[in-house]
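So the sequence shown is numbered by this note's numbering: it starts at 144 and just counts up by one.
Built from N, CA and C at the ideal position, the CB exists for glycine as well.
The block underneath contains the structure these notes are about, expressed in structure tokens.
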Amino acid sequence: MDPLTALGVALAAAHFGMPLAYYAVAKRWLKTPWRVKLDPAYAPTVTVVIPTYNEARHIEEKLEDVYRQDYPRDKLEIIVVDSASTDGTAEKARWWAAAHPDADVKVVEEPQRRGKNAALNATLAMARGEVFVITDADCRWPQKDALRRAVSWLADPTVGAVTCLKKPAADGPAGVEAGYRDHYNVLRLAESKKWATPIFHGELAAYKTELLRKIGGFPLDTGADDSYTATQIALTGYRALAAEDLWCVEAVPRSDYHRWRIRRAKFVIQHFLKTPASKAPPPMRPILLAEKYIHLANPWLLPAAAVALAAAATPHALVLLAAGAAALALKPYRTWVAAQLYLMVAAVGNLRDKELVWEKQDK
Ligand code: GDD
Ligand code: MN
144 MDPLTALGVA
154 LAAAHFGMPL
164 AYYAVAKRWL
174 KTPWRVKLDP
184 AYAPTVTVVI
194 PTYNEARHIE
204 EKLEDVYRQD
214 YPRDKLEIIV
224 VDSASTDGTA
234 EKARWWAAAH
244 PDADVKVVEE
254 PQRRGKNAAL
264 NATLAMARGE
274 VFVITDADCR
284 WPQKDALRRA
294 VSWLADPTVG
304 AVTCLKKPAA
314 DGPAGVEAGY
324 RDHYNVLRLA
334 ESKKWATPIF
344 HGELAAYKTE
354 LLRKIGGFPL
364 DTGADDSYTA
374 TQIALTGYRA
384 LAAEDLWCVE
394 AVPRSDYHRW
404 RIRRAKFVIQ
414 HFLKTPASKA
424 PPPMRPILLA
434 EKYIHLANPW
444 LLPAAAVALA
454 AAATPHALVL
464 LAAGAAALAL
474 KPYRTWVAAQ
484 LYLMVAAVGN
494 LRDKELVWEK
504 QDK
């Protein structure tokens with residue numbers, strides 16, 4: 144084999160091999176015990192924060208969603224923090240609050256929009272809950288006891304933050320089982336069992352308020368408010384977990400899907416660029432190293448392999464290149480390649496605009 148073909152093969156092997164190897168390791172972590180003492184009776188005060196920018200379509204239903212939770216009402220504070228919406232979101236929230244005097248609902252109105260993280264910081268300063276929960280306006284909690292479940296994990300003094308798992312898009316017969324088989328959830332759970340997962344979900348992210356304050360709140364230069372703060376908490380020695388009994392359903396935009404994927408990829412990249420693996424407690428280090436590599440470096444090996452093979456132009460190289468293209472007919476492979484493209488476009492896009500204040504995609 145000529146050197147260029149060999150290089151192309153090596154790059155492709157690394158690109159596909161490293162994530163597969165990590166996945167194999169993760170499967171082993173998944174078999175280990177949690178080492179967490181759950182306490183279903185633990186009922187601290189909780190502040191649920193709903194950040195909004197032009198969520199008039201969703202805000203009432205979201206408030207109902209939180210209100211429906213079977214959590215003790217006297218221990219639950221709900222804060223809607225609105226950043227100068229132009230569609231009447233704040234009015235709707237205030238109206239809802241007035242109609243539900245039995246719920247402790249506060250509506251904070253920022254005079255101008257400075258982004259989700261600045262808004263979250265404003266609420267962190269005033270929250271009375273021992274636990275601080277973020278939930279996006281455009282998502283729903285399918286479980287009535289979501290808060291109780293989230294909090295039961297935080298009862299363990301070693302746990303600092305908890306998030307949900309994402310329900311697979313198509314509802315299978317056995318939810319949790321189907322979820323376990325889902326590649327993404329396997330990684331989140333495995334990392335959580337090992338120590339902490341560096342990827343949290345804005346649908347439901349719960350933190351010990353004290354720890355959130357200790358790390359200085361939400362970052363103003365990074366988009367991934369949920370993942371970044373959870374990881375910072377993990378770096379200070381606490382565990383940040385995706386809980387196996389906590390599910391959320393993701394709201395996917397009806398239009399502008401690619402832009403949405405790219406923006407989210409931008410935020411994940413900003414998060415991993417800013418998070419040093421060297422500062423992590425030993426069990427967290429391999430997790431961060433692997434995820435940083437997979438999100439920051441690994442995508443680029445794919446076009447590099449393609450270029451090397453195309454430049455080699457040997458029969459071997461061309462057959463491999465054609466096989467790589469033909470494999471796009473397979474859904475998992477296509478999904479993977481698309482994710483690599485989003486990450487690369489996002490990395491380049493980040494150089495120009497971090498999109499910390501973003502355009503709303505309709506969901
Ligand atoms: N107060 C306030 N101010 N809220 C905002 C602002 C703002 O400037 N911008 C967005 N939000 C609110 C939205 O109204 C929504 O409730 C939530 O923040 C998430 O925003 P979406 O527009 O729905 O973005 P997404 O679906 O891509 O959000 C996801 O990615 C973000 C970045 O990682 C979610 O996972 C978010 O939780 C996550 O922060
Ligand atoms: Mn959303």
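Residue nearest to residue i in terms of C-alpha spacing, selected from the options
i	options	result
P244	P254, L263, I221	I221
R382	T232, R216, P426	P426
A268	A246, R477, G360	G360
T352	A333, R292, T372, A339	T372
G231	L206, P215, I202	I202
A164	W403, L330, L445	L330
E207	L378, P300, Q286	Q286
N441	T418, R406, E198, Y485	Y485
A186	V250, R292, R200, A280	R292
K218	G272, P254, A298, E198	G272
L355	L461, V276, H158	V276
D399	A167, K506, L154, W239	K506
R216	N197, S226, T188	T188
P193	N264, H158, V480	According to the sequence shown, residue 193 is Ile rather than Pro. Minimum Cα distance to I193 is reached at N264.
V305	D325, A280, L332, A448	L332
R397	S295, P162, Q504	Q504
Cβ-based burial, residue i [other Cβ within 10 Å; buried from 16]
i	result
G160	exposed
T175	exposed
P146	exposed
K180	exposed
K170	exposed
D496	exposed
Y327	exposed
R283	buried
L363	exposed
L473	exposed
H401	exposed
E498	buried
E502	exposed
Y341	Reading off the sequence, residue 341 comes out as Pro, not Tyr. So P341 counts as buried.
S228	buried
L471	exposed
Q255	exposed
T374	buried
Extent of the continuous alpha helix (DSSP H) run through residue i
i	result
D368	368 to 378
F275	Per DSSP, F275 belongs to no alpha helix (DSSP H); it is in the beta strand (DSSP E), 274 to 277.
D507	The chain is shown only over 144 to 506; residue 507 falls outside these bounds and no answer can be derived.
E353	352 to 357
R382	Counting along the chain, R382 falls outside any alpha helix (DSSP H), though it belongs to the beta strand (DSSP E) covering 382 to 391.
G160	146 to 173
K84	Outside the displayed range of the chain (144 to 506) lies residue 84, so it cannot be described from this structure.
V450	441 to 455
P429	428 to 435
W516	With the chain represented from 144 up to 506, any question about residue 516 goes unanswered, as that position is not in the structure.
P458	458 to 469
Y476	474 to 495
V263	Note that residue 263 corresponds to Leu in the displayed sequence, not to Val. From DSSP, the alpha helix (DSSP H) with L263 extends over 259 to 269.
Separation of residue j from residue i, as counted between CA atoms
i	j	result
L452	T190	55 Å
A367	L150	35 Å
E204	R237	14 Å
V248	A348	19 Å
R257	T195	12 Å
H344	P458	46 Å
T278	E387	18 Å
C307	W443	30 Å
N493	P183	42 Å
Y436	A270	36 Å
V224	K259	9 Å
R178	L464	46 Å
R404	Y476	17 Å
T148	A385	42 Å
V395	A408	15 Å
P419	A482	23 Å
Y210	W172	36 Å
S335	I430	10 Å
A241	A233	12 Å
A490	E434	15 Å
L297	Y350	8 Å
I376	C391	22 Å
D281	G303	25 Å
Contact with chain C by residue i, beta-carbon distance below 8 Å
i	result
K409	In the structure shown, chain C cannot be found, because there is only a single protein chain.
Limits of the beta strand (DSSP E) - the one that residue i falls within
i	result
K218	Neither: K218 is in no beta strand (DSSP E) and is coded neither H nor E.
T195	189 to 195
V305	302 to 309
In chain order, which continuous runs of the alpha helix (DSSP H) of length 4 or greater are located wholly inside the segment 222 to 256? 232 to 242
Segments of 4+ residues assigned as alpha helix (DSSP H) that fall wholly inside the segment 393 to 425: 400 to 417
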